[in-house]
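In what follows, a single structure is set out as structure tokens and then discussed.
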Amino acid sequence: MGLLEIIDRTWVGTFVRRKADLILETDPDKIYVENIRSFFGVTNRMAKAMCEFAVKAGHFTKHIGFICPNVNCKKIIIEFSFKEVLEMDEVECLNCLLREEQNSKWDILDIEKIEFYRLNKGGKNAS
612 MGLLEIIDRT WVGTFVRRKA DLILETDPDK IYVENIRSFF GVTNRMAKAM
662 CEFAVKAGHF TKHIGFICPN VNCKKIIIEF SFKEVLEMDE VECLNCLLRE
712 EQNSKWDILD IEKIEFYRLN KGGKNAS
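This is how it looks when you write it as structure tokens:
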């Protein structure tokens, strides 16, 4: 049995496997502060600071999603980059519309928002 096989059977191997699983389960287009907090084992405040640093360094882009308030849905209706200007008053959830829910349109100021980050695949100088 080689050294790497021995290490793989210890807590170190288990730790590395868990971290690898977290990376594989994370969508690079929707990285939440909780993903970073869980991976690095830090506080939410520290994870948020790490994400903001990654934005400034050009590794992440910051986005905001608007969540459908319908209790049967709760999906992100629409998303914008923080650099984009929001010029709409109302949003419509296509998922609710397709399911013929009673409500599918909401005032954008009245619905829940969620911040997330996206891996900047083009690198630091990508637009």
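With our numbering as the guide, the letters of the sequence shown map in order to residues 612 to 738. Glycine included, C-beta positions come from ideal geometry on N, C-alpha and C. If you're wondering where the values come from, they're calculated on a predicted model, not measured in any experiment.
Put residue i into one of helix, strand or coil per three-state DSSP.
i: residue 695; result: coil
i: residue 712; result: coil
If you follow the alpha helix (DSSP H) that residue i is in, where does it begin and where does it stop?
i: residue 633; result: 622-636
i: residue 645; result: 644-651
i: residue 619; result: 614-619
Start and end of the beta strand (DSSP E) containing residue i?
i: residue 703; result: 701-703
i: residue 718; result: 716-718
i: residue 678; result: 671-678
Roughly how many angstroms separate the alpha carbons of residue i and residue j, rounded to a whole number?
i: residue 737; j: residue 669; result: Low per-residue confidence applies at residue 737: pLDDT is 46, beneath 50, and the placement is therefore not dependable enough to give any value.
i: residue 630; j: residue 667; result: 25 Å
i: residue 692; j: residue 647; result: 19 Å
Classify residue i as buried or exposed, calling it buried when 16 or more other Cβ atoms lie within 10 Å of its own Cβ.
i: residue 717; result: buried
i: residue 644; result: buried
From the DSSP output, read off the bridge partner residues of residue i.
i: residue 724; result: 677
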